[in-house]
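Asker:
In the working numbering, the protein residues as written are 22 to 452.
Okay, here's the thing in structure tokens:
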């Protein structure tokens, strides 16, 4: 029962008793009856005045409670001239001002953090206490290669790809470097925060690819230039001396002449091979920036197909074309891209060896996929594929993939090389 109802019932009960007593006075003395009635009227008026003074703070408190329940922090009360009431109103108004300021700060902070998360170049993924993804920023979606609609509401083990699989293994408080497709490298860190009493995890993903590539390139360029300079200077002088020595062969006895000439020719030939070997490495450093022109990629692919046709035929390898119906126009350096395509086809042929199939695919979303059904790439080799000068061949120099990598990076194209679930190896270039 509300307090004001209790007050009304109490006052009503008292006045009913007073009225009954006054009726008894009416029989005994009319003057006492009139005085009693006047007294009752005065008490009723006083009760009404007190009711208003007592109930007003309660009504004020009720209105304040309703506004707080509705989260309306704009309503304030005006002082009414009563000391206790004015003190209560003052405290309430200060509390409302503070709550309103706190809410404004909280909203500003929320919008700032939301904007910061959305525009951050680092990937940010927020999980709930069941490890279900509740929020993801555009950078993280780009790293995972999926739209936010396909990610939110799922756990990592339900998402395709290598990166979600590795993130699923990441423990809270840990930080790991995760290489993907032998080309991209990510630094991933998992931490937690408490929201409304529940522990939530979040993951930060930072792409290290560009920094690693710059450091890597700077290191091997310096080494190659130094080696090339020293070898060229030394080999030129040594070959000059050896050729001079050859001029004295006629002064030797006939039995020594042949051995002398053969030994010098072997030394000269070896120096020439060493010079050519070093030249191959120097060519990687000397790759010029691409001179891009609008080119029909389909036409370029068919021209390269004609160029490798003899090798394809010798190995009994079938070329399967699945080109998009519309021309794929790309701004690129035609000569450099031809070299890239030849390297890709050459690697595919070597993986197949004989009796296989190479499929060339272009898609409406500007992708080139060159797929072969040869020997797949082992997991331990996968992460080293685009390491400069790495080769699985016995006498390989790793020049082909290094040149391919540098040309595609200079063009700004995304690319990957990996073996899929069907044991087919795909080289994918995104234009």
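Even for Gly, the Cβ is constructed at its ideal location relative to N, Cα and C.
#1: Could you check the C-alpha separation between residue 58 and residue 88 for me, to the nearest Å?
#2: So, helix, strand or coil for residue 435, using DSSP?
#3: Pick helix, strand or coil for residue 350, following the three-state DSSP scheme.
#4: For residue 225, which three-state DSSP category applies?
#5: Can we say the stretch 139-147 touches the stretch 113-131, given the rule of at least three CB pairs closer than 8 Å?
#6: Would you say residue 180 and residue 192 are within 8 Å of each other, going by their C-beta atoms?
#7: Could you tell me if residue 112 is buried or exposed, where buried requires 16 or more neighbouring beta carbons within 10 angstroms of its beta carbon?
#8: Ends of the alpha helix (DSSP H) at residue 345?
#9: Output the boundary residues of the alpha helix (DSSP H) element that contains residue 124.
#10: Below 8 Å on the Cβ atoms is my contact criterion, and I expect residue 449 with residue 388 to pass it. Report the Cβ-Cβ distance as a whole number of Å.
#11: Could you tell me whether the Cβ atoms of residue 365 and residue 382 are closer together than 8 Å?
#12: Measure the C-alpha to C-alpha separation of residue 363 and residue 373 and round it to an integer number of angstroms.
#13: Measure the CB-CB distance between residue 211 and residue 224 and report whether it falls below 8 Å.
#14: Between residue 315 and residue 420, what straight-line distance do the alpha-carbon atoms span, to the nearest angstrom?
#15: Given 8 Å as the limit, is there contact between the stretch 279-299 and the stretch 333-346, that is, 3 or more CB pairs closer than that?
#16: Return helix, strand or coil for residue 43, following the three-state DSSP convention.
#17: With H, G and I counted as helix, E and B as strand and the rest as coil, what does DSSP make of residue 384?
#18: Would you give the residue range spanned by the alpha helix (DSSP H) that residue 162 belongs to?
Answerer: Once the coordinates are examined:
#1: 44 Å
#2: strand
#3: strand
#4: strand
#5: no
#6: no
#7: exposed
#8: Per DSSP, residue 345 belongs to no alpha helix (DSSP H) and is neither H nor E.
#9: 104-140
#10: 6 Å
#11: no
#12: 15 Å
#13: yes
#14: 28 Å
#15: no
#16: helix
#17: strand
#18: 159-165
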